[in-house]
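Undergrad: Offset between the sequence shown (1-based) and this note's numbering: plus 33.
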Amino acid sequence: MSATSEPKLTPRPPIVVVMGHVDHGKTTLLDYIRKSNVAGKEAGGITQSVGAYEIVHTDRKITFIDTPGHEAFTKMRSRGASIADLAILVVAAEEGLKPQTKEVIKILNDTKTPFVVAINKVDKPEANIEKVKNELTGEGVLLEGYGGHVSFEPISAKTGQNVNELIDLILLAADYESLTYSAEAEATGFILEAKVDPRRGMEVTAIVKNGTLRQGDDIVTASAKGKVKILENFRGQKATELLPSSPALIIGFESLPQVGEAFTAGKNISTESVNKIIVAENRGITQANAQNENAIKFIVKASDSGSLEALSAIMKSLPCEKPVLILDESVGDIGDNDVKNAIASKAIIIGFKNKVSKSTKNLAEIQKVRILVGDIVYHLIKDIEVILMKPEAAAVTGRLEVLAVFSQAKLQKQLVGGKVVDGVMKNRANVEIHRVTPPSPDADPSKAVDTDPHLVGHGKIVSLQTGKLEVNQVEAGKECGFIVNSSMAIQKGDHIIIK
Numbered sequence: 034m035s036a037t038s039e040p041k042l043t044p045r046p047p048i049v050v051v052m053g054h055v056d057h058g059k060t061t062l063l064d065y066i067r068k069s070n071v072a073g074k075e076a077g078g079i080t081q082s083v084g085a086y087e088i089v090h091t092d093r094k095i096t097f098i099d100t101p102g103h104e105a106f107t108k109m110r111s112r113g114a115s116i117a118d119l120a121i122l123v124v125a126a127e128e129g130l131k132p133q134t135k136e137v138i139k140i141l142n143d144t145k146t147p148f149v150v151a152i153n154k155v156d157k158p159e160a161n162i163e164k165v166k167n168e169l170t171g172e173g174v175l176l177e178g179y180g181g182h183v184s185f186e187p188i189s190a191k192t193g194q195n196v197n198e199l200i201d202l203i204l205l206a207a208d209y210e211s212l213t214y215s216a217e218a219e220a221t222g223f224i225l226e227a228k229v230d231p232r233r234g235m236e237v238t239a240i241v242k243n244g245t246l247r248q249g250d251d252i253v254t255a256s257a258k259g260k261v262k263i264l265e266n267f268r269g270q271k272a273t274e275l276l277p278s279s280p281a282l283i284i285g286f287e288s289l290p291q292v293g294e295a296f297t298a299g300k301n302i303s304t305e306s307v308n309k310i311i312v313a314e315n316r317g318i319t320q321a322n323a324q325n326e327n328a329i330k331f332i333v334k335a336s337d338s339g340s341l342e343a344l345s346a347i348m349k350s351l352p353c354e355k356p357v358l359i360l361d362e363s364v365g366d367i368g369d370n371d372v373k374n375a376i377a378s379k380a381i382i383i384g385f386k387n388k389v390s391k392s393t394k395n396l397a398e399i400q401k402v403r404i405l406v407g408d409i410v411y412h413l414i415k416d417i418e419v420i421l422m423k424p425e426a427a428a429v430t431g432r433l434e435v436l437a438v439f440s441q442a443k444l445q446k447q448l449v450g451g452k453v454v455d456g457v458m459k460n461r462a463n464v465e466i467h468r469v470t471p472p473s474p475d476a477d478p479s480k481a482v483d484t485d486p487h488l489v490g491h492g493k494i495v496s497l498q499t500g501k502l503e504v505n506q507v508e509a510g511k512e513c514g515f516i517v518n519s520s521m522a523i524q525k526g527d528h529i530i531i532k
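1. Can you check whether the CB of residue 374 is closer than 7 angstroms to the CB of residue 361?
2. What separation, rounded to the nearest whole angstrom, lies between the Cα atoms of residue 48 and residue 277?
3. When you compare the segment 166-182 with the segment 58-67, are there three or more beta-carbon pairs, one atom per stretch, that lie closer than 8 angstroms?
4. Taking the alpha-carbon positions, what's the residue 524 to residue 285 distance?
5. Figure out for me which residue from 151, 145, 144 has the closest Cα to the Cα of residue 130.
6. Check for me: the alpha helix (DSSP H) holding residue 143 runs from which residue to which?
7. Quick check on this structure: which residue in 119, 469, 202, 437 has the alpha carbon closest to the alpha carbon of residue 98?
8. What does a CB cutoff of less than 8 angstroms around residue 135 pick up in its chain, not counting 5 residues either side in sequence?
9. Hey, residue 273 and residue 247 are a contact pair by Cβ (cut 8 angstroms); roughly how many whole angstroms apart?
10. Can you name, in chain order, every residue of its own chain whose Cβ lies under 8 angstroms from the Cβ of residue 496, other than the five neighbours on each side?
11. With residue 171 as the anchor, note down where its alpha helix (DSSP H) starts and where it stops.
12. From what residue to what residue does the beta strand (DSSP E) around residue 298 run?
13. Under 8 angstroms Cβ to Cβ from residue 511, same chain only, skipping five residues before and after it: list those, please.
14. What separation, rounded to the nearest whole angstrom, lies between the Cα atoms of residue 413 and residue 292?
15. Check this for me: beta carbons of residue 389 and residue 359, under 7 angstroms apart or not?
16. Taking residue 234 as the reference, which of 526, 282, 164 has the closest Cα?
17. Looking at the secondary structure, which residues open and close the alpha helix (DSSP H) in which residue 398 lies?
18. Once the 5 residues before and after residue 446 are set aside, which same chain residues still bring their CB inside 6 angstroms of it?
19. Should residue 522 be labelled buried (16 or more other beta-carbon atoms within 10 Å of its own) or exposed?
20. Identify which residue in 95, 519, 509 has its Cα closest to the Cα of residue 208.
21. How is residue 518 classed by DSSP in three states: helix, strand or coil?
22. Out of 300, 464, 406, 255, point me to the one whose CA is closest to residue 219's CA.
23. Can you tell me whether residue 268 is helix, strand or coil according to DSSP?
24. Given residue 349, which residues of its chain have a CB within under 8 angstroms of its CB, disregarding the five upstream and five downstream residues?
25. DSSP puts residue 214 in a beta bridge; with which residues?
26. Quick check on the DSSP output: the alpha helix (DSSP H) that includes residue 361 runs from which residue to which?
27. Tell me the rounded alpha-carbon separation between residue 464 and residue 122.
28. What's the call for residue 297, buried or exposed, on a 16-neighbour Cβ count within 10 Å?
29. With DSSP collapsed to three states, give me the class of residue 410.
30. Would you tell me roughly how many angstroms separate the C-alpha atoms of residue 392 and residue 340, rounded to the nearest one?
31. With 16 as the cutoff for other CB atoms within 10 Å, does residue 434 come out buried or exposed?
32. Note down the Cα distance separating residue 328 from residue 181, rounded to an integer number of angstroms.
33. Can you tell me whether DSSP reads residue 206 as helix, strand or coil?
34. Please state whether the Cβ-Cβ distance between residue 154 and residue 117 is less than 7 angstroms.
35. Which of helix, strand or coil does DSSP assign to residue 504?
36. What does the Cβ neighbour count give for residue 90, buried or exposed, with the cut at 16 atoms within 10 Å?
Written as structure tokens, this is what we have:
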């Protein structure tokens, strides 16, 4: 190829990833840089999705990627480092290096990502910059003036002290990298986030690394394809095209791509990889899992793919005497099909930041499927840990749902009507009374909602009838009336269980 036919290369802005231990000030730093109040709005004080933002500093553009700091988000941080050109390693001056900090240093070294160090929270009286420098040296990070060439800046993300100087260091490091792109090339880049929007469908956040991404382009990843029907910049403004280093919101994928996947976009692009689906890789109930009766099984749902991956990773790492199997994981609200899958596999449904319709809740209650949903990952994991620690329940031989309470003049002779939903109900049997406790009006809405009936009392069936006939037992699917002797006042919706 002659020199004149070679594509023209144009300098492009750096893509910078901000990394470090949780609570060391990454999001606060980005918040200060882009002058928006994101940090204070994060549920539970944790950044749970990757976001990308453009800023202008001394007339030069920089794109920042915010990656989660929790140790379970290792994969996303690793991908973030490979997606980015440069990194800022944030270390709190009063705490020094933490396990996640050391993990980030390893990721940066493994991916050969150039980085600068921001020693944050220097405004605190307990800040010890020299200690941080020595700890970094112990991890092989040799700072300027300490025998190495890694640039650093003591900063306060809270007050803004030296933040502009830190950005100057980033631009200086970017100049050494000679970052360029070809405007004529097919657009290539990486997927940062993927979720289902109830109004717009598949909503994908990506970042362009080369070429020009245009509205109307075909777009493919290794696992998904589509057409760029709607293209928006990071501000949510409509765009006809976006150049490299630009964050892009894309509407038009036919299915959700994987977070961290590379994409190619353009006219008449190759579709060799279009038919590779991710369902078998990340979803679906496998025969081996379904047959493992000794395992505790889960179906996991989340509002976006990044949170889904992170929640699954945490769950798989939880200590438990029995195997923990995630039979199905997908993005979206919890629906009837999830309950049906749970019935078939005897699984528990876990939901993160998603909704459960009333009809789905009713189906789950009737079929004895447990659904646990929440908005804060730490609270949800605590509730999952409780499930894993519970001893195995005794086998249920009969379960009835109470449809009506006719008489409670005496608790020793409560006249009740209901439908047997599982097994058989037997006359003169000892029973347990289980009830779903509604959340208190003052309850924290961010905490997980438990839809599982809990034991509230015991009793004994003293008379069992179908129609006007006294019977010994009633099978599943049939309605009956019975008299219960119990100190607990039975309510409509209670479950009467024989073990």
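Positions of the beta carbon are idealized from the N, C-alpha and C atoms, including for glycine.
Bear in mind that the values here come from a model prediction, so they are computed numbers and not experimental data.
TA: Straight from the coordinates:
1. Mapped onto the sequence shown, residue 361 falls at position 328. Mapped onto the sequence shown, residue 374 falls at position 341. Their beta carbons are under 7 angstroms apart, which means residue 361 touches residue 374 by this criterion.
2. Here the question's residue 48 lines up with position 15 in the sequence shown. Here the question's residue 277 lines up with position 244 in the sequence shown. Looking at the two C-alpha atoms, the distance is approximately 9 angstroms.
3. no
4. As a position in the sequence shown, residue 524 is number 491, starting the count at 1. As a position in the sequence shown, residue 285 is number 252, starting the count at 1. Each residue's alpha carbon lies about 49 angstroms from the other.
5. Numbered from its first residue, the sequence shown carries residue 130 at position 97. Looking at the Cα atoms, 151 is the closest of the given residues.
6. If you number the sequence shown from 1, residue 143 lands on position 110. Membership of residue 143 in the alpha helix (DSSP H) is indicated by the continuous run 132-143.
7. To locate residue 98, count along the sequence shown from 1; it is residue 65. Per the Cα distances, 119.
8. Taking the first residue of the sequence shown as 1, we reach residue 135 at position 102. Cβ neighbours of residue 135 beyond the five flanking positions: 172.
9. Start at 1 with the first residue of the sequence shown, and residue 273 comes out as number 240. Start at 1 with the first residue of the sequence shown, and residue 247 comes out as number 214. Contact flag correct, Cβ pair sits at about 7 angstroms.
10. For the purposes of this step, residue 496 is taken as the residue at position 463 of the sequence shown. Only 460, 503, 515, 516 meet the Cβ criterion.
11. In the sequence shown, counting from the first residue as 1, residue 171 sits at position 138. 162-171 is the extent of the alpha helix (DSSP H) around residue 171.
12. Counting from 1 along the sequence shown, the entry for residue 298 is found at position 265. 295-299 is the extent of the beta strand (DSSP E) around residue 298.
13. Here residue 511 refers to the residue found at position 478 of the sequence shown. Cβ neighbours of residue 511 beyond the five flanking positions: 452, 453, 499.
14. What you label residue 413 is simply residue 380 of the sequence shown in a count that begins at 1. What you label residue 292 is simply residue 259 of the sequence shown in a count that begins at 1. Their Cα atoms are separated by approximately 22 angstroms.
15. Along the sequence shown, read from residue 1 onward, the residue named residue 389 stands at position 356. Along the sequence shown, read from residue 1 onward, the residue named residue 359 stands at position 326. No; because the gap between Cβ atoms is not below 7 angstroms, this pair is not in contact.
16. On the sequence shown, position 201 is the one that residue 234 refers to. Of 526, 282, 164, the residue nearest in Cα terms is 282.
17. Against the sequence shown, residue 398 aligns to sequence position 365. It spans 391-399 - the alpha helix (DSSP H) in which residue 398 sits, taken as one unbroken run.
18. Taking the first residue of the sequence shown as position 1, residue 446 is located at position 413. Within the same chain, residue 446 has close Cβ partners 516.
19. Your numbering for residue 522 matches position 489 in the sequence shown. The residue in question, residue 522, is exposed, as its Cβ has fewer than 16 Cβ neighbours within 10 Å.
20. The count along the sequence shown starts at 1 and reaches residue 208 at position 175. Checked all of 95, 519, 509; the closest Cα to residue 208 is 95.
21. Locating residue 518 in the sequence shown gives position 485, counting from the first residue. In the three-state reduction of the DSSP assignment, residue 518 falls in the strand class, which pools E and B.
22. For the purposes of this step, residue 219 is identified with residue 186 of the sequence shown, where counting begins at 1. Nearest option by C-alpha distance: 300.
23. Position 235 of the sequence shown holds residue 268. Residue 268 falls in the coil class under three-state DSSP.
24. By one-based count along the sequence shown, residue 349 stands at place 316. The residues are 357, 359.
25. Stepping through the sequence shown from its first residue, residue 214 is reached at position 181. Residue 214 pairs with 43.
26. Against the sequence shown, residue 361 aligns to sequence position 328. Premise fails: residue 361 lies in the beta strand (DSSP E), 357-364, not in any alpha helix (DSSP H).
27. Start at 1 with the first residue of the sequence shown, and residue 464 comes out as number 431. Start at 1 with the first residue of the sequence shown, and residue 122 comes out as number 89. Distance between the alpha carbons of residue 464 and residue 122 is about 60 angstroms.
28. Here the question's residue 297 lines up with position 264 in the sequence shown. Buried.
29. Here residue 410 corresponds to residue number 377 of the sequence shown, with the count starting at 1. Reduced to three states, the DSSP call for residue 410 is helix.
30. For the purposes of this step, residue 392 is identified with residue 359 of the sequence shown, where counting begins at 1. For the purposes of this step, residue 340 is identified with residue 307 of the sequence shown, where counting begins at 1. Computed Cα separation, rounded: 26 angstroms.
31. Position 401 of the sequence shown, counted from the start, is the residue given in the question as residue 434. Answer is buried; the Cβ neighbour count reaches 16.
32. Residue 328 sits at position 295 when you count from the first residue of the sequence shown. Residue 181 sits at position 148 when you count from the first residue of the sequence shown. Cα-Cα distance, rounded: 51 angstroms.
33. As a working mapping, residue 206 is identified with position 173 in the sequence shown. In this structure, residue 206 counts as helix in the three-state DSSP scheme.
34. For the purposes of this step, residue 154 is taken as residue 121 along the sequence shown, with counting starting at 1. For the purposes of this step, residue 117 is taken as residue 84 along the sequence shown, with counting starting at 1. Not a contact, by the Cβ cut-off of 7 angstroms.
35. Counted from its first residue, the sequence shown places residue 504 at position 471. DSSP places residue 504 in coil when its eight states are reduced to three.
36. One-based indexing of the sequence shown puts residue 90 at position 57. Residue 90 comes out exposed.
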